[in-house]
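Novice: So the sequences go chain by chain: L and Y. Residue numbering for the first sequence follows the numbering used here, beginning at 867 and increasing consecutively. Residue numbering for the second sequence follows the numbering used here, beginning at 38 and increasing consecutively.
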Amino acid sequence: MASTLHKTITTVGLIFIFHAAYSAAQHRSYLRITDQEFTSLPVDIVVQGILSLFLTMYGVMYIAGDFKEIRATEELQSKTWETQRNLPSFYCFNHRGKLLRPHFHQ
Amino acid sequence: MHWTEARDLVRKWREDNVRKSSELIEIWENSLKDKVHKLGDEQYQVLEQVCVGALDCHRIDVAEYCLKKLMAQFKDSSRILLLNAMELEAIEMYDDAIELLDALIKRDATNPAPRKRKIAILRSQGKTVEAIKELTVYLKRFAIDQEAWQELSDLYLSEQEYGKASFCMEELILHNPHNHLFHERLAEIKYTQGGFDNLEQARAYYCQALKLNRNNMRALFGLYLTAYSIATSQKCVSAKKKEAHNLMSFAMKRISQR
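(1) Quick check on the DSSP output: the alpha helix (DSSP H) that includes residue 263/Y runs from which residue to which?
(2) Note down, in chain order, every chain Y residue with its Cβ under 7 Å from the Cβ of residue 880/L.
(3) Looking at chain Y, which residues of the region 949-971 of chain L have a Cβ within less than 9 Å of any of its Cβ atoms?
(4) Closer than 8 Å, CB to CB, is residue 870/L near chain Y or not?
(5) Tell me the rounded alpha-carbon separation between residue 291/Y and residue 246/Y.
(6) So is residue 263/Y buried or exposed if we call it buried at 16+ other beta carbons inside 10 Å?
(7) List the residues of chain Y whose Cβ lies closer than 8 Å to the Cβ of residue 939/L, in chain order.
(8) In whole angstroms, give me the CA-to-CA distance for residue 896/L and residue 921/L.
(9) For the alpha helix (DSSP H) holding residue 40/Y, just list the boundary residues, first then last.
(10) When the cut-off is 8 Å and only beta carbons count, does residue 83/Y lie next to chain A?
(11) Per the contact definition of three or more C-beta pairs closer than 8 Å, is the region 159-166 of chain Y in contact with the region 175-183 of chain Y?
(12) How about residue 83/Y and residue 47/Y: do their beta carbons lie closer than 8 Å?
(13) Compare the Cα-Cα distances from residue 229/Y to each of 207/Y, 198/Y, 155/Y and 253/Y and report the closest residue.
(14) Please give the ranges of any alpha helix (DSSP H) in the region 49-95 of chain Y, keeping only runs that are unbroken, at least 4 residues long and fully inside the region.
(15) Taking Cβ to Cβ, would you say residue 215/Y is nearer than 8 Å to residue 942/L?
(16) Could you tell me if residue 151/Y is buried or exposed, where buried requires 16 or more neighbouring beta carbons within 10 angstroms of its beta carbon?
(17) Can you look up residue 956/L in the DSSP assignment and give me helix, strand or coil?
(18) Which same chain residues end up closer than 6 Å to residue 38/Y when comparing Cβ atoms and leaving out the 5 residues on each side of it in sequence?
(19) Give the interface partners of residue 945/L over in chain Y, defined as CB-CB distance under 7 Å, in chain order.
(20) Ordered along the chain, which non-local residues of its own chain (more than five positions away) have a Cβ less than 8 Å from that of residue 957/L?
(21) Go through the region 161-244 of chain Y residue by residue and report every complete run of the alpha helix (DSSP H) that reaches 4 residues or more, in order.
(22) Take the Cβ of residue 64/Y as the centre, count every other Cβ of all protein chains shown within 10 Å, and call the residue buried at 16 or more, exposed below.
(23) Here's the rule: buried if 16 or more other CB atoms are within 10 angstroms of the residue's CB, otherwise exposed. What is residue 222/Y?
(24) Measure the C-alpha to C-alpha separation of residue 288/Y and residue 236/Y and round it to an integer number of angstroms.
(25) Listing by chain order, which chain Y residues have their CB less than 8 Å from the CB of residue 839/L?
(26) Is there at least one Cβ from chain Y nearer than 8 Å to residue 942/L's Cβ?
(27) Mind the definition here: the region 892-909 of chain L touches the region 867-880 of chain L only if three or more C-beta pairs lie below 8 Å; say whether that holds.
(28) Identify the contact partners of residue 153/Y in chain L, using a Cβ-Cβ distance below 8 Å as the criterion.
(29) Residue 283/Y to residue 870/L, Cα distance in whole Å?
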């Protein structure tokens, strides 16, 4: 299910996100040292951040497991009346099991 | 069978609510019994499950063994005491079981499980009418208990009170509008009840069951039989007769495709 490819994609994406964050911090400290006013982040950092976010999202979708069917009836399709009618809290023990007991495997 | 396989199978049965007691006991004795400590916290759930299964097969020795293990871990837990009451029930010591259950109800009046067991005892004693009476009282307090509605419907069916049984089924459909099995069941009750209006309703519910699950074979057969009865009924007007014939051929086609 979660192939190595998707795991690698996720890891690379996460590393890129951290790199983008680190670059942003570096940019702020550079501005502070050179006494410039902060207006906006450089385009390359913004683009890197957004692209790596999508990359991580793509990888995580494959790792997180299978999707569940959105239609509510889908899950009940395989249910049978055999299991639906079985009510554990109303079990009666007063039945043929007692008499058939010697014939069970022991 | 390896114990991990056994664990997975038993877990599947527990989650899917399957009553395969004799198979469960066989698996327990052959592969799980000696490895139960390896299951971690799941072992207590397995022990509880095996205990109930053992009572179902009247294997009191196995039940005793599980109960002892559970008792050692959870002293004085109401869930374990409930199992204890079930064991008393299985060996037909009903008065002692009821005494224990009454004590449990007194301890926690909001716990539905012992109340349900008391009704089950009435049922296993064959006192269906009393069981119905108790269950209606119970449902006044715990109106969202779906199992209880289903049990009540069952009890009414055994007394041939089809109208009341179908009311319980309608209640269950309100709780689970997407479950095809309840629609099918209500249609079956209506069909059994007979009469033209009931047949019309049965037809509608069978159709709804098929809409929710197109592979429901029982509903297909039911729809065929209902449409047949409608078509041959004397009260049926010709427009409806044609519709019933259409339904019959639809159901037949689907059945033969399988």
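Ideal placement from N, C-alpha and C gives every residue a C-beta, glycine not left out.
Specialist: Taking the coordinates as given:
(1) 254-269
(2) What residue 880/L touches in chain Y: nothing, since even the nearest Cβ is about 32 Å away.
(3) 949, 950, 951, 952, 953, 954, 955, 956, 957, 958, 959, 960, 961, 963, 964, 965, 966, 967, 970 and 971
(4) no
(5) 14 Å
(6) buried
(7) 215, 217, 249 and 250
(8) 28 Å
(9) 40-53
(10) Looking for chain A here will not work: the only protein chains present are L and Y.
(11) no
(12) yes
(13) 198/Y
(14) 58-64 and 79-93
(15) yes
(16) buried
(17) helix
(18) 68
(19) 218
(20) none
(21) 165-178, 183-195, 199-212 and 217-230
(22) buried
(23) buried
(24) 16 Å
(25) This structure cannot settle anything about residue 839/L, because the visible part of chain L is limited to 867 through 972.
(26) yes
(27) no
(28) 955 and 956
(29) 55 Å
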